[in-house]
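Q: Dumping the structure here so I can ask a few things about it.
In our numbering, the protein residues as written are 39 to 146.
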């Protein structure tokens, strides 16, 4: 849970300069220390990711368990919604997708 609050603080600082009435696009953040991907979405249109439910766990290696994530360093989201994460520790690129619409990439 510590990482969640760290991300909230970083995202708050990153979005502080935006107008409060401006909705910002969802972003994905790779968490190298915990092998997770966080999804951040401005649900209420106030221009930040600080409110309840706006930062959610999209992928957790402990729950997913089939990947050998060692040093995830970058992330990109394709137009079709697939999330690509590079891992320099295993020289791999992993693809994540929310197949069942529940907001995470843990299951189908």
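Beta carbons are placed, not taken as given, at the ideal position from N, Cα and C, and that holds for glycine.
Values in this document were obtained by computation on a predicted structure and should not be read as measured data.
(1) Could you give the first and the last residue of the continuous beta strand (DSSP E) run that contains residue 113?
(2) If you follow the beta strand (DSSP E) that residue 95 is in, where does it begin and where does it stop?
(3) Return yes when the Cβ of residue 97 is within less than 7 angstroms of the Cβ of residue 143, no when it is not.
(4) With a threshold of 7 angstroms on Cβ separation, who are the neighbours of residue 127 within its own chain once the five nearest residues in sequence on each side are excluded?
(5) In the DSSP assignment, find the unbroken beta strand (DSSP E) run with residue 62 in it and report its ends.
A: The short version:
(1) As a first step, residue 113 must be located in the chain shown, where it is residue number 75. Segment 110-115, the beta strand (DSSP E) holding residue 113.
(2) Position 57 of the chain shown, counted from the start, is the residue given in the question as residue 95. Counting along the chain, the beta strand (DSSP E) containing residue 95 begins and ends at 93-98.
(3) Within the chain shown, the letter at position 105 stands for residue 143. Within the chain shown, the letter at position 59 stands for residue 97. In contact: residue 143 and residue 97 (Cβ atoms closer than 7 angstroms).
(4) For the purposes of this step, residue 127 is taken as the residue at position 89 of the chain shown. Excluding positions up to five away in sequence, the list reads 108 and 109.
(5) In the chain shown, the residue the question calls residue 62 occupies position 24. According to the DSSP assignment, residue 62 belongs to no beta strand (DSSP E), since it is labelled neither H nor E.
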